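Reviewing the structure listed below.
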Amino acid sequence: MSALNEFGSRVGRHAGIYTIGSAIGVALGLVNLIVLTRFLDPSEFGLYALYLTLAALLTLIYGLVWFKGSIRLVFGGDDEDDDEEEAEERDLAGQARAALGTALAVTTVVALVGTAVVALFPGLPGVLIGGAGASAELVLYAAVAGGVGAVWRLAAGVPRRERRSILFVLLQASLPLCTLLVTVPLVALGLGVRGAVIGLAVGTSVAGVIALVAIRDSWSAAIRLSFLPTIIRRGAPYLPLVISFWVIQNAGVFILAQYASTAEVGLFRVASQVAAFGSYGVTAFLRASGPLTREPIHQAARDERGPGRVATLMSSYFVLGTIGVVLFFALASDVLVQVAPRSYAAAAPLVPLIVMSVVLNGWFRVAYRYARLPNKQAIKISLAAVAGVVFLAAAFLLAPRAGAVGVAWSMVIAFAVATAGMIARAQRSPHPIPFAHRRLPAGILLALGCYAVAHLGEQLAGLPAVISGIVGLMAYPALLLVTGVIPRGHIRPLRSISTSAVRGAGTPSAAPRLERLSRREWRVLRLLVRDGLEAAAVAEKTGRSETQTLEDMVAGLREIGDIGKPGPGDARLGAYLIAGGAIADRDQAWKRLAGEGVDPRETDRLSRTLESVRRLTRADWKRPERTAP
Numbered sequence: 210m211s212a213l214n215e216f217g218s219r220v221g222r223h224a225g226i227y228t229i230g231s232a233i234g235v236a237l238g239l240v241n242l243i244v245l246t247r248f249l250d251p252s253e254f255g256l257y258a259l260y261l262t263l264a265a266l267l268t269l270i271y272g273l274v275w276f277k278g279s280i281r282l283v284f285g286g287d288d289e290d291d292d293e294e295e296a297e298e299r300d301l302a303g304q305a306r307a308a309l310g311t312a313l314a315v316t317t318v319v320a321l322v323g324t325a326v327v328a329l330f331p332g333l334p335g336v337l338i339g340g341a342g343a344s345a346e347l348v349l350y351a352a353v354a355g356g357v358g359a360v361w362r363l364a365a366g367v368p369r370r371e372r373r374s375i376l377f378v379l380l381q382a383s384l385p386l387c388t389l390l391v392t393v394p395l396v397a398l399g400l401g402v403r404g405a406v407i408g409l410a411v412g413t414s415v416a417g418v419i420a421l422v423a424i425r426d427s428w429s430a431a432i433r434l435s436f437l438p439t440i441i442r443r444g445a446p447y448l449p450l451v452i453s454f455w456v457i458q459n460a461g462v463f464i465l466a467q468y469a470s471t472a473e474v475g476l477f478r479v480a481s482q483v484a485a486f487g488s489y490g491v492t493a494f495l496r497a498s499g500p501l502t503r504e505p506i507h508q509a510a511r512d513e514r515g516p517g518r519v520a521t522l523m524s525s526y527f528v529l530g531t532i533g534v535v536l537f538f539a540l541a542s543d544v545l546v547q548v549a550p551r552s553y554a555a556a557a558p559l560v561p562l563i564v565m566s567v568v569l570n571g572w573f574r575v576a577y578r579y580a581r582l583p584n585k586q587a588i589k590i591s592l593a594a595v596a597g598v599v600f601l602a603a604a605f606l607l608a609p610r611a612g613a614v615g616v617a618w619s620m621v622i623a624f625a626v627a628t629a630g631m632i633a634r635a636q637r638s639p640h641p642i643p644f645a646h647r648r649l650p651a652g653i654l655l656a657l658g659c660y661a662v663a664h665l666g667e668q669l670a671g672l673p674a675v676i677s678g679i680v681g682l683m684a685y686p687a688l689l690l691v692t693g694v695i696p697r698g699h700i701r702p703l704r705s706i707s708t709s710a711v712r713g714a715g716t717p718s719a720a721p722r723l724e725r726l727s728r729r730e731w732r733v734l735r736l737l738v739r740d741g742l743e744a745a746a747v748a749e750k751t752g753r754s755e756t757q758t759l760e761d762m763v764a765g766l767r768e769i770g771d772i773g774k775p776g777p778g779d780a781r782l783g784a785y786l787i788a789g790g791a792i793a794d795r796d797q798a799w800k801r802l803a804g805e806g807v808d809p810r811e812t813d814r815l816s817r818t819l820e821s822v823r824r825l826t827r828a829d830w831k832r833p834e835r836t837a838p
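Here it is, written out as structure tokens:
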């Protein structure tokens with residue numbers, strides 16, 4: 210398999226895990242939604258939505274500078290827009306655990322101080338609830354949820370950046386699960402909105418503790434205040450982007466509350482919950498592909514096909530896939546909102562609009578990632594700020610006239626402006642994004658055609674809505690193939706990538722190949738991998754230098770995996786392969802090796818072979834004594 214196909218299969222595998230995990234999280238959220246909407250009428254649910262959004266706002270405020278700055282300090286890259294060309298250098302010298310521990314501690318202190326302020330002055334955040342009748346007690350519970358949520362957000366996001374996808378999705382699911390387990394009994398006992406908000410605070414607190422315990426190997430309690438200036442310096446420039454995007458995605462609830470009833474706010478919240486299925490499908494690609502750019506296989510793919518080819522394929526299939534997501538929700542929204550009682554049926558038209566805004570946000574992020582233009586970080590931040598202003602102007606204009614529909618359209622307009630601006634700037638640069646210009650508009654037209662045919666089938670032919678919707682959805686991928694939007698030459702690689710994404714890389718067992726090793730290579734690998742000794746200890750046992758020991762290890766891996774020939778940098782490569790500590794430190798070690806010209810494809814194959822060796826049992830290591838040197 211080519212390096213590009215291998216990279217694609219890993220993106221697909223991680224994205225698949227994220228999608229499944231996100232679906233579990235959304236399903237838990239929907240169960241919570243189903244239960245709450247059975248016990249709360251639209252007006253009460255709208256009031257709960259306001260407290261929920263207040264908690265989210267406080268989570269944002271408590272982590273404004275610390276979240277972005279901490280991520281950039283520890284991992285050297287951005288949040289979900291990871292960009293290898295603009296990743297900042299880190300000078301932590303193996304102190305990533307201390308840096309993350311410091312960030313968690315500071316976030317906790319800020320959250321405690323913020324919650325204390327809210328407890329003393331509950332009327333300040335309560336103003337955002339407007340005429341809904343804010344309760345000082347519930348404002349305090351929302352503040353607790355927001356404070357713990359800030360810590361949970363930072364901790365639960367660490368596994369994604371470390372490519373520990375399964376742990377990431379488990380932590381993401383822990384928040385709605387814990388909230389569900391606490392909220393449902395309280396609401397069922399008749400506590401109403403009060404029980405729902407208390408459940409939110411308690412559930413978030415439990416999830417926060419779980420996240421801190423789960424990533425305990427990635428942080429330490431060695432707090433170093435010397436990291437704070439760097440965290441602030443790296444996080445402060447992102448304030449306009451973070452605030453603007455949060456406003457677009459969340460502030461509509463507060464704006465709507467000023468002009469519409471809490472019942473309509475409840476409808477908007479239900480539509481947002483249903484649309485979350487689409488949002489997680491879109492963000493799965495961003496979550497998967499960003500961190501994987503820090504692995505050797507990504508550099509190997511770029512070296513093999515060129516950065517332009519990688520950008521073309523990744524962006525094109527992302528756009529075509531997300532067009533399909535919008536089509537699905539446009540056809541299925543009437544059915545999906547039936548998870549709530551009939552009194553919430555009016556939420557259906559809002560769902561595809563909210564999904565469309567999420568898709569446009571995804572296009573903006575992908576355009577940024579693959580754009581090659583100077584100062585693009587500043588361009589991204591400025592465009593985000595413009596989008597925030599556009600949203601506020603549109604929302605205050607449309608909300609009094611169109612209510613929830615106006616707010617949803619404001620989200621679409623804002624992200625459309627940001628996306629169009631980023632693409633326009635990128636395409637005017639000396640190195641425009643190599644979009645497949647003919648295929649992408651064709652994909653949009655085909656989706657519109659499928660939508661029209663589905664509705665005509667329902668209205669003219671009398672087909673049930675479900676049947677016509679299924680026909681429209683199935684027609685979209687079929688037409689992509691028939692019309693050549695997806696070239697025939699891509700079908701086999703796509704099938705191979707999909708199969709590999711589902712089944713895994715399929716690295717053969719190393720056990721049968723151990724017999725090919727010399728006695729020295731076999732012993733070094735056994736001591737390093739099976740027994741877990743440090744290279745210095747193995748060198749002492751074998752009577753060789755540490756450099757020679759690492760070279761012996763790499764030579765053994767090369768023999769097992771049929772990987773190239775020994776080179777002068779094998780000792781440094783061996784040190785990278787068996788390095789312990791934080792994954793963020795290991796990523797920086799690879800970046801230095803890549804700068805020295807180490808072959809990324811060989812490095813990736815050696816790394817996979819080492820993982821195969823690590824899976825060997827003690828019985829696999831038993832063999833007759835060898836006489837080879």
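In my numbering, the protein residues as written are 210 to 838.
Beta carbons: idealized from backbone N, C-alpha and C, even for Gly.
Computed from a predicted structure; not experimentally measured.
Q.
Taking the alpha carbon of residue 495 as the reference point, which residue from 317, 254, 374, 267 has its own alpha carbon closest?
A. 374
Q) Roughly how many angstroms lie between the CA atoms of residue 329 and residue 344, to the nearest whole one? A) 13 Å
Q: Kindly list the residues whose CB is nearer than 6 Å to the CB of residue 293, restricted to its own chain and excluding five residues on each side of it in sequence; keep chain order.
A: Residue placement at residue 293 cannot be trusted, given a pLDDT of 45 that sits under 50; what the coordinates show is reported in the next sentence. So the qualifying residues of the chain are 502.
**Q.** C-beta contact flag for residue 309 and residue 455 at 8 Å
**A.** no
Q | Close Cβ partners of residue 603 (< 6 Å) along its chain, the five nearest in sequence each way excluded | A | 619, 622
Q) How would you call residue 423, buried or exposed, if buried means at least 16 neighbouring beta carbons within 10 angstroms? A) buried
Q: Look at the alpha carbon of residue 833 and the alpha carbon of residue 733, and state the distance between them as a whole number of angstroms.
A: With a pLDDT of only 47 at residue 833, under the threshold of 50, the placement of this residue in the model should not be trusted, and no figure is reported.
**Q.** Presumed contact (8 Å Cβ cut-off) between residue 552 and residue 251, rounded CB distance
**A.** 6 Å
**Q.** residue 389 versus residue 265: straight-line alpha-carbon distance, rounded
**A.** 17 Å
Q.
Whole angstroms are fine: how far does the CA of residue 416 sit from the CA of residue 312?
A. 18 Å
Q | Cα-Cα separation, residue 392 to residue 317 | A | 24 Å
Q: Might you give, ordered along the chain, the residues of its own chain that have their beta carbon closer than 6 Å to the beta carbon of residue 616, omitting 5 neighbours on each side?
A: 461, 465, 604, 608
Q. Taking Cβ positions, are residue 268 and residue 408 nearer each other than 8 Å?
A. no
Q | Option nearest residue 472 by Cα separation, candidates 697, 249, 796 | A | 249
Q: Could you say which of 692, 591, 658, 696 lies nearest to residue 678 if we only look at CA atoms?
A: 658
Q.
If contact is defined by three or more beta carbon pairs under 8 Å, each pair taking one atom from either stretch, is the segment 761-780 in contact with the segment 275-284?
A. no
Q | Those residues which DSSP pairs with residue 640 across a bridge | A | 581
**Q.** Through-space distance from residue 689 to residue 636, alpha-carbon basis
**A.** 25 Å
(Q) Taking 8 Å as the cut-off, does the segment 563-575 touch the segment 477-496 (at least 3 CB pairs, one atom from each stretch)? (A) yes
Q) Which runs of the alpha helix (DSSP H) spanning at least 4 residues fall entirely within the segment 570-639, listed in chain order? A) 585-611, 613-636
Q. Does the segment 771-789 touch the segment 801-813, meaning 3 or more C-beta pairs lie closer than 8 Å?
A. yes
Q. So residue 386 and residue 282 are in contact, right, with Cβ under 8 Å, and what is the actual spacing, rounded?
A. Their Cβ separation, rounded to whole angstroms, is 31 Å, which puts residue 386 and residue 282 out of contact at 8 Å.
Q.
On the criterion of 16 or more Cβ atoms from any shown chain inside 10 Å, does residue 325 qualify as buried, or is it exposed?
A. exposed
Q | Inter-residue Cα distance where the pair is residue 699 and residue 652 | A | 16 Å
Q: Apply the 10 Å Cβ neighbour rule to residue 598 and answer buried if 16 or more other Cβ atoms are within range, or exposed otherwise.
A: exposed
Q.
Relative to the C-alpha of residue 527, which candidate in 780, 612, 695, 750 has its C-alpha closest?
A. 695
Q. Can you give the Cα-Cα distance for residue 291 and residue 672, rounded to whole angstroms?
A. Residue confidence for residue 291 is low, a pLDDT of 48 falling below 50, so the modelled location carries little weight; the figure read from the coordinates is stated next. Going from the Cα of residue 291 to the Cα of residue 672 covers about 46 Å.
Q. Just checking my contact of residue 520 with residue 579 at CB under 8 Å: how many whole Å lie between their CB atoms?
A. 4 Å
(Q) Residues in the same chain with beta-carbon distance under 6 Å from residue 488, minus the five sequence neighbours each way, listed in chain order, please. (A) 567
Q: Helix, strand or coil for residue 800, going by three-state DSSP, please let me know.
A: helix
Q) CA-CA distance, residue 590 and residue 656? A) 31 Å
(Q) Assuming contact is defined by CB atoms lying nearer than 8 Å, are residue 352 and residue 327 in contact in what I supplied? (A) yes
Q. Cα separation between residue 261 and residue 791?
A. 34 Å
Q | residue 347: first and last residue of the uninterrupted alpha helix (DSSP H) it sits in | A | 345-365
Q.
Please identify the residue among 638, 756, 737 whose C-alpha is closest to the C-alpha of residue 777.
A. 756
(Q) Alpha carbons only, please: which of 796, 813, 801, 383 is nearest the one belonging to residue 767? (A) 813
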